[in-house]
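In this text, residue positions in the sequence shown follow numbering that gives the first Met the number 0: the first is 0, and each later residue adds one. The beta carbon of each residue, even a glycine, is placed where N, CA and C say it ideally should be. Since this is a predicted model, take the numbers as computed values, not measurements.
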Amino acid sequence: MSERTSVVVVGAGQAGLAMSFCLSELGIDHVVLERGEVANSWRTERWDSLRLLTPNWQSRLPGHRYRGPDPDGFMSMAEVVDFVSTYAELVRAPVRTHCKVTRIGPTDDGYHVATENGDLRCKSVVLASGANNLPVVPAVREALPSDVASFTPMDYRRPGDLPEGGVLVVGASATGVQLAQEIHASGRPVTLAVGEHVRLPRRYRGLDVQWWMDSTGILDESYTEVDDLVRARGVPSPQLVGTPERSTLDLNTLTDGGVELVGRLAAIRDGYAQFSGSLKNVVALADLKMARLLDRFEDWAGETEADAPSDPPEPWDPTRVSASPRLGLDLRSGEIRSVVWATGFKPDYSWLDVPVLDRKGKLRHDGGVVAAPGLYALGLTFLRKRKSSFIHGVEDDVRFLSAHLAAHLGIAGRAQALAATA
Ligand SMILES: Cc1cc2nc3c(=O)[nH]c(=O)nc-3n(C[C@H](O)[C@H](O)[C@H](O)COP(=O)(O)OP(=O)(O)OC[C@H]3O[C@@H](n4cnc5c(N)ncnc54)[C@H](O)[C@@H]3O)c2cc1C
0 MSERTSVVVV
10 GAGQAGLAMS
20 FCLSELGIDH
30 VVLERGEVAN
40 SWRTERWDSL
50 RLLTPNWQSR
60 LPGHRYRGPD
70 PDGFMSMAEV
80 VDFVSTYAEL
90 VRAPVRTHCK
100 VTRIGPTDDG
110 YHVATENGDL
120 RCKSVVLASG
130 ANNLPVVPAV
140 REALPSDVAS
150 FTPMDYRRPG
160 DLPEGGVLVV
170 GASATGVQLA
180 QEIHASGRPV
190 TLAVGEHVRL
200 PRRYRGLDVQ
210 WWMDSTGILD
220 ESYTEVDDLV
230 RARGVPSPQL
240 VGTPERSTLD
250 LNTLTDGGVE
260 LVGRLAAIRD
270 GYAQFSGSLK
280 NVVALADLKM
290 ARLLDRFEDW
300 AGETEADAPS
310 DPPEPWDPTR
320 VSASPRLGLD
330 LRSGEIRSVV
340 WATGFKPDYS
350 WLDVPVLDRK
360 GKLRHDGGVV
370 AAPGLYALGL
380 TFLRKRKSSF
390 IHGVEDDVRF
400 LSAHLAAHLG
410 IAGRAQALAA
420 TA
């Protein structure tokens, strides 16, 4: 006999816990199944030096927010684990740790959930299992010479993990620029292959760029408002790092420090890495987009004079690239001893036996309402809003989706009554 509950939430990261908070508020019985410990991804899948790139004041979940002495600081991984674990205790989330979900399949009246510790039956499932379970590594990896070591951000912990010698970092989004900088600082020469990226200053007119993104409403843009949702969901993470100095980390910072920039890695043939000749265009485009964003900030500041900071706009330099960056690199020459694939992450739904994935393996959903009755998703990029995959973005999504779920269970009236008395 399988155990019965109304809702199974898969994953005890911030998203699953925030959903648990809302379900408890609505009086809906549920369990949160977690394959590791609470905040498992932050504990086990990040590199040692990582800090949040969102400031502490932005770390907020339904019923909980950062209240420490450094609202403008950036949490270390230990601090994030503490923040999320404290939340789990605070909201008394019914988490079962070390309970890996191995299969979810449909039944006549809901879902059958198989775990390593027994089975459950439920009417509704919330997939809060994360958007970053697996590294995305391009197929060219297969063509790497066997004596060049290969790392993803999920198995990289610190520069000392890499062999001595040159490192090719592929990808110049948040992860790529952060790893390029720290690996270069360890004394290993770094070449950075740069594809499409988003350039951002850490601060603008004296305030953190996240303050601007928040205040101008950019992070609140809805998935129904953007022209090209597929593209919006694929936008790379911005070149940002959270440090006590609150410094900008862009390609100019890296080249000034001695990192060599090359174009996007296009192919590896006979041990020879080939880079796209588009570096100049790619950086020009990123500069243009950043200039447009700063103009948008200015427009907003002009319209809301009372809220706008009084500091003048800081000048910024266009990204500097060599007139003729290298187009090729012989990976057999010994110059490069390891490659770090900072080429993105994707969710893992290999255990989901419900026909809701498209041909590319992406979940078919409408703002988190998955294309199967009673199935919901959380934490995915631009799920309902631009901020959806961030810590501070989950609240709006869980409020909406828990109400939808209550309606699915036929208790929308109770949910409304509770909301009215809240
Ligand atoms: C490198 C990196 C840096 C980031 N920096 C920031 C930042 O600065 N600020 C910010 O707001 N966001 C940041 N994010 C984005 C986001 O906040 C994190 O990815 C966050 O962990 C997402 O929370 P989540 O609850 O959606 O997923 P997760 O935290 O990944 O939680 C999912 C949980 O599901 C569990 N799980 C998965 N599969 C199963 C299964 N089959 N059975 C049981 N349990 C399962 C996992 O163990 C995990 O604990 C960052 C992401 C990455 C990858």
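- If you look at Ala148, you'll find it in the beta strand (DSSP E) that goes Ala148 to Phe150.
- The C-beta distance from Ile335 to Gly165 rounds to 5 Å, short enough to meet the 8 Å contact threshold.
- The residue among Ala38, Phe20 and Arg50 with its C-alpha nearest the C-alpha of Leu60 is Phe20.
- In this structure the segment 184-204 does not lie against the segment 369-382, because fewer than three pairs of beta carbons, one per stretch, are closer than 8 Å.
- Contact annotation: the segment 133-153 does not touch the segment 374-391, with fewer than three C-beta pairs closer than 8 Å.
- DSSP places Leu284 inside the alpha helix (DSSP H), whose first and last residues are Leu278 to Glu302.
- Within the same chain, and ignoring the five residues on either side of Asp207 in sequence, the residues whose Cβ sits closer than 6 Å to its Cβ are Pro54.
- Between Glu44 and Asn131, the alpha-carbon positions lie close to 9 Å from each other.
- The beta carbons of Val9 and Val100 sit about 5 Å from each other, so the pair counts as a contact at 8 Å.
- For Ala192, the secondary structure class from DSSP, reduced to helix, strand or coil, is strand.
- Its chain contains Gly165 as the residues whose beta carbon lies nearer than 6 Å to that of Pro188, once the 5 sequence neighbours on both sides are disregarded; these appear in chain order.
- Between Val229 and the set Leu32, Leu379 and Gly327, the nearest pair of CA atoms involves Leu379.
- Runs of the beta strand (DSSP E) lying entirely within the segment 90-137, each at least 3 residues long, are 100-106, 109-114, 117-121 and 123-126 in chain order.
- At the C-beta level, Leu351 and Ser123 stay beyond 8 Å of one another.
- Within the model, the alpha-carbon separation for Lys359 versus Phe344 is close to 14 Å.
- With contacts defined as CB atoms closer than 8 Å, Thr190 and Glu259 qualify as a contacting pair.
- In the DSSP assignment, Asp329 falls within the unbroken beta strand (DSSP E) covering Gly327 to Asp329.
- As a beta-bridge residue in DSSP terms, Pro237 pairs with Val197.
- Fewer than three pairs of CB atoms, one per stretch, sit closer than 8 Å, so the segment 393-405 makes no contact with the segment 140-158.
- Using a Cβ-Cβ distance cut-off of 8 Å, the segment 317-327 and the segment 254-268 are in contact, since at least three pairs of beta carbons, one from each stretch, lie closer than that value.
- Pairing Thr106 with Leu362, the inter-Cα distance amounts to about 19 Å.
- Beta-bridge pairing by DSSP links Gln273 to Ala266 and Gly327.
- Between the C-alpha atoms of Ile27 and Ala272 there is a straight-line separation of about 55 Å.
- In this chain, the beta strand (DSSP E) harbouring Leu374 covers Leu374 to Ala376.
- Under DSSP, Ile335 takes part in a beta bridge, and its partners are Gly165.
- Collapsing the DSSP output to three states places Tyr65 in coil.
- Between Trp315 and Glu141, the alpha-carbon positions lie close to 40 Å from each other.
- Using a C-beta cut-off of 8 Å, the segment 174-186 makes contact with the segment 247-256, since at least three inter-stretch Cβ pairs fall below that distance.
- In the displayed model, Ser246 falls within coil according to three-state DSSP, outside both helix and strand.
- Between Val80 and Trp46 a beta carbon distance of about 14 Å is seen, past the 8 Å cut, so the two are scored as non-contacting.
- Ser75 is bridged by DSSP to Arg50.
- In this structure, Val83 sits away from Leu32, with a CB-CB distance that is not shorter than 8 Å.
- For His407, the enclosing alpha helix (DSSP H) has its first and last residue at Val393 to His407.
- In this structure, His97 is the residue among His97, Leu253 and Glu88 with its C-alpha nearest to the C-alpha of Asn39.
- No residue range can be given for Leu218, since it is assigned to no beta strand (DSSP E) and is classified by DSSP as neither H nor E.
- Relative to ligand 1, Glu88 has its C-beta separated by 7 Å or more from all heavy atoms.
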